[in-house]
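J.: Here my numbering is used: the first residue of the sequence shown is 51, the next is one more, and so on. Just so it is clear, CB atoms sit at the ideal spot from N, CA and C, and this is done for glycine as well. Predicted model only: the values in this text are computed from it and were never measured.
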Amino acid sequence: MLIDFLSVDKDLIRVEGKGGFSVLHHVALDENYIHLLSRVLNICPDCIFDLTVRRQTALHIAAESNNFEAFKAMLEWIQSAFEDNKSMRSKILNFQDKDSNTVLHLAASINHPQNVAK
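Below, the structure written as structure tokens:
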């Protein structure tokens, strides 16, 4: 039902809640919503660039919350969506949060080499 609602007005996906969290940030945070991840990104691809008040993307949130499946799914989506745009992939992966951490820094600091290896 959520996806049907968001499909009517895709801009609702980007509405920020507490802490600047969008729908994608919440999906990245909770492993119970992994089934919604690709659908949200397909409805609103630009959501991958949305930032929280801590300047974190959904990738940062997934890495920080140990949600490996969401992290992996977003990396795969980014690889596919920006297949012909290496600079955009690099921009997403190297974006620094408020504490100057990239998603790869966070994944490595939480000791998840499988995240970094992707």
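(1) Any chance the region 87 to 98 sits against the region 133 to 141, with 3 or more Cβ pairs inside 8 Å?
(2) CB-CB under 7 Å to residue 127, same chain, minus the five flanking residues each way: which ones, in chain order?
(3) Go ahead and label residue 151 buried or exposed: buried means 16 or more other beta carbons lie within 10 angstroms of its beta carbon, across all protein chains shown.
(4) Report the rounded CA-to-CA distance for residue 233 versus residue 157, giving the unit in angstroms.
(5) CA-CA distance, residue 106 and residue 100?
(6) Flag this pair as yes or no: are the beta carbons of residue 110 and residue 80 separated by less than 8 Å?
(7) Applying the criterion that 16 or more other CB atoms from any shown protein chain within 10 Å of the CB defines a buried residue, is residue 159 buried or exposed?
(8) What are the uninterrupted segments assigned as alpha helix (DSSP H) that are 4 or more residues long and contained completely in the region 82 to 167, given in chain order?
(9) Taking the continuous alpha helix (DSSP H) assigned at residue 62, which residues delimit it?
T.: The answer reads as follows:
(1) no
(2) 88, 91
(3) buried
(4) Residue 233 cannot be examined here, being either before or after the span of the chain that is shown, 51 to 168.
(5) 8 Å
(6) no
(7) exposed
(8) 84 to 93, 108 to 114, 118 to 131, 136 to 144, 153 to 159, 163 to 167
(9) No alpha helix (DSSP H) holds residue 62; DSSP gives it neither H nor E.
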